[in-house]
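Chains as they are written, first to last, in our numbering: chain A, 1 to 231; chain B, 232 to 722.
The C-beta atom is built at its ideal place from N, Cα and C for all residues, glycine as well.
These numbers were taken from a predicted model, which means no experiment stands behind them.
The structure appears right after this line, and notes come after that.
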């Protein structure tokens with residue numbers, strides 16, 4: 001059996017470190033902890049982690065900076081822990097290479113789900129990519145550019161498909177407005193979030209049973225969107 | 232004074248000629264009456280032109296009149312007639328008296344004239360000062376006062392260039408008022424520089440440049456008087472500002488105490504349940520059934536969520552109170568935001584049915600999605616608390632006119648007495664002091680704060696079959712209408 005995944009937790013709250021060390025240790029993860037940004041970066045360099053859990057408000061470096069410096073040499077998934085008053089830092093960290101976020105206080109089920117998604121993505125990055133993604137009645141075939149709902153092909157415009165394909169290829173991860181606009185529309189429209197809003201509405205109309213209360217194409221308020229795929 | 236002005240010298244000769252003319256007229260009259268008048272009366276009557284000329288045309292004319300009168304008196308009325316010979320000491324005395332009268336009268340008149348001119352100047356200054364202080368009394372801010380002071384001073388002194396420079400004072404930055412505003416900075420040193428001094432120290436200075444007429448001592452006096460009025464007004468404005476700040480602080484203090492008393496109670500209630508549940512579970516004395524265990528754990532989870540909402544509400548409220556809510560606007564779709572809210576609340580909404588009626592052609596709205604998400608969450612949270620659990624909550628949006636979007640969150644909950652419909656948006660206001668319903672009484676006032684920060688309005692109303700919150704949002708953002716996203720051409 002392979003070694004248990006290594007999770008590095010960087011947070012300045014000793015109680016959070018204690019809780020996560022106990023809970024994640026119990027779930028058979030190998031857990032290391034750091035209470036400062038510099039210390040966390042040094043630990044990550046000494047013993048490369050499989051997932052990093054990073055608090056956005058650290059006493060020495062900002063979480064955003066830790067993200068940026070980690071990304072210079074590591075592709076390990078980063079899950080941001082944020083409080084309600086650090087919304088903007090959270091989005092900045094996601095734009096700088098963080099993969100996901102959780103707002104404190106969070107349930108441990110949510111955290112474990114995010115860790116699973118992160119590990120799956122890290123593994124997928126090394127193996128050939130899955131080209132068919134399913135979410136309930138919806139399947140997205142990235143290679144053949146075919147989208148079906150309940151087995152019936154759904155006609156999408158070129159932009160709608162590019163948007164859905166980008167979301168589906170990053171299924172279960174939060175994608176910020178900025179990263180979606182840059183990938184799907186390219187630089188000129190990078191600050192025209194209204195394009196994204198309108199095309200998301202069109203996608204939901206074509207793919208969701210109740211577009212007003214979507215099940216698969218979820219809004220992350222103030223951050224971006226997340227495509228929820230079947231596990 | 233006018234006597235020293237060069238224009239006066241031009242009238243000198245004319246004055247003397249006029250004085251001599253008056254003497255001549257009197258002489259002619261007296262010569263006709265010579266036989267009927269005593270010599271002493273004639274001498275007395277000759278004082279008339281002397282005094283008159285002095286009073287009217289000044290000392291030089293007076294002396295000329297005195298000499299003219301002396302010679303005329305001597306020539307026409309003192310024997311031997313028609314000769315200028317002065318034989319007696321008495322005649323010399325007459326001449327001295329004439330000259331003495333001329334000098335005396337000129338002195339009195341001169342002094343009276345000078346004091347009249349001074350009085351008029353003072354009256355003018357007093358009037359200008361009065362107008363200045365009347366203007367300043369109406370002004371409340373430092374910058375307005377600086378502007379008014381410069382304006383009045385510029386007019387009163389007839390300056391070429393006037394500058395009022397106010398120092399930075401911790402609250403406000405440095406400021407320079409220059410009149411006329413389009414004038415370039417002066418190349419030469421100002422003719423007058425007067426510091427603006429108050430009880431709080433040196434507030435700045437006034438600088439004045441004069442071209443014509445040249446700067447005079449009286450200007451300086453006026454300048455000082457104006458500047459001290461300005462200093463008083465600035466001092467008063469600063470005191471008013473300080474009072475306002477302390478009132479705001481006081482209000483803040485009152486809010487904080489109200490908040491603390493409400494919050495300490497609200498915090499302790501969930502903490503008490505959590506503590507009770509956790510210590511029960513940790514105690515080895517009771518062998519809890521798995522159902523009871525699950526119940527207790529569920530309670531702990533619900534109570535921590537409640538605590539979290541409470542802390543979030545307090546944060547929002549303190550931002551609203553501090554006036555720190557600046558919506559980060561983007562063009563948003565209301566349905567998109569509401570979908571996010573409903574997803575986020577899924578765990579607390581349970582099996583509650585939601586009906587969302589947002590038309591597809593509703594335009595994009597310029598809002599801060601995080602703030603609007605919070606508004607939806609609070610309004611829905613309120614409906615969840617008060618409306619019966621098996622009834623739906625309906626959210627509708629429509630466009631009542633070109634410039635506005637209106638949103639309504641409707642439930643089948645109980646009515647609120649109509650006189651309390653407005654008060655439910657007040658901080659800490661609770662309609663039902665029900666034990667079943669928990670909350671801080673902050674949720675709705677946060678909604679009001681956020682909607683008003685967007686330039687909208689929120690109200691509550693009783694419906695025939697329930698209760699509704701309605702809010703409006705303006706569609707224009709900095710004068711821009713909602714953008715139209717072009718449809719994809721390549722289907």
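With distances taken between CA atoms, residue 68(A) lies nearest to 97(A) out of 97(A), 41(A), 194(A).
Among the residues of the segment 189-203 of chain A, those with a Cβ less than 7 Å away from any Cβ of chain B are 193, 194, 195, 197, 198, 200, 201, in the order of the chain. For the 9 Å CB-CB criterion, residue 301(B) and residue 326(B) form a contact.
For residue 117(A), the three-state secondary structure derived from DSSP is helix. For residue 563(B), the C-beta contacts it makes with chain A under 7 Å involve 197, in order along the chain. The shortest CA-to-CA distance from residue 550(B) to any of 291(B), 256(B), 673(B), 637(B) is the one to 673(B). For residue 180(A), the uninterrupted alpha helix (DSSP H) segment begins and ends at 177-184.
Contact of residue 34(A) with chain B by beta-carbon distance below 7 Å is absent, the smallest such distance being about 26 Å. In this structure residue 58(A) is in contact with residue 66(A), their Cβ atoms being roughly 7 Å apart against a cut-off of 8 Å. Using a CB distance cut-off of 9 Å, residue 507(B) does not count as an interface residue toward chain A.
Residue 29(A) sits in coil when the DSSP states are folded into three classes, being neither helix nor strand.
Judged by beta-carbon spacing, residue 303(B) lies beyond the 9 Å limit of residue 284(B), meaning their Cβ atoms are not closer than that value. Residue 285(B) carries a helical assignment under DSSP once its states are collapsed to helix, strand and coil. Within the DSSP bridge table, the entry for residue 271(B) names no partner. By the criterion of a C-beta distance shorter than 7 Å, residue 9(A) is surrounded in its chain by 17, 20, 31, 33, 53, once the five residues flanking it on both sides are discounted. Only those residues of the segment 212-230 of chain A whose C-beta falls short of 8 Å from the nearest C-beta of chain B are listed: 212, 213, 214, 218, 219, 220, 221, 222.
For residue 257(B), the closest C-alpha among the options 338(B), 532(B), 307(B) is that of 307(B). Between the alpha carbons of residue 480(B) and residue 359(B) lies a distance of about 39 Å.
By the C-beta criterion, the segment 569-579 of chain B is judged to be in contact with the segment 207-219 of chain A, since at least 3 inter-stretch pairs fall below 8 Å. Counting the other CB atoms within 10 Å of its CB gives residue 152(A) a total below 16, which places it among the exposed residues.
Within chain A, no C-beta atom comes nearer than 8 Å to that of residue 614(B); the closest sits roughly 16 Å away.
In this model, residue 482(B) and residue 476(B) are separated by some 10 Å (Cα to Cα). Listed as beta-bridge partners of residue 194(A) by DSSP are no residues whatsoever.
Contact holds between the segment 581-599 of chain B and the segment 622-631 of chain B, because three or more Cβ pairs, one in each stretch, are under 8 Å apart.
Taking C-beta atoms as the reference points, residue 629(B) and residue 640(B) fail to come closer than 9 Å. DSSP, read as helix, strand or coil, puts residue 6(A) in strand.
DSSP lists 698(B) as the beta-bridge partner residues of residue 642(B).
Assigned with DSSP and collapsed to three states, residue 390(B) falls in coil, not helix or strand. For residue 356(B), the uninterrupted alpha helix (DSSP H) segment begins and ends at 320-369.
Using a CB distance cut-off of 9 Å, residue 159(A) counts as an interface residue toward chain B. Nearest in C-alpha terms to residue 145(A), of all of 161(A), 102(A), 198(A), 137(A), is 161(A).
In the structure shown, the three-state DSSP call for residue 106(A) is coil. For a cut-off of 8 Å, the C-beta gap from residue 438(B) to residue 394(B) is around 4 Å, short enough to register as a contact. For the pair of segments examined, the segment 378-391 of chain B was found to touch the segment 451-465 of chain B: the number of CB pairs separated by less than 8 Å reaches three. Residue pairing by DSSP places residue 693(B) opposite 698(B) in a beta bridge. Contact with chain B is absent for residue 206(A), since none of that chain's Cβ atoms lies less than 9 Å from the residue's Cβ.
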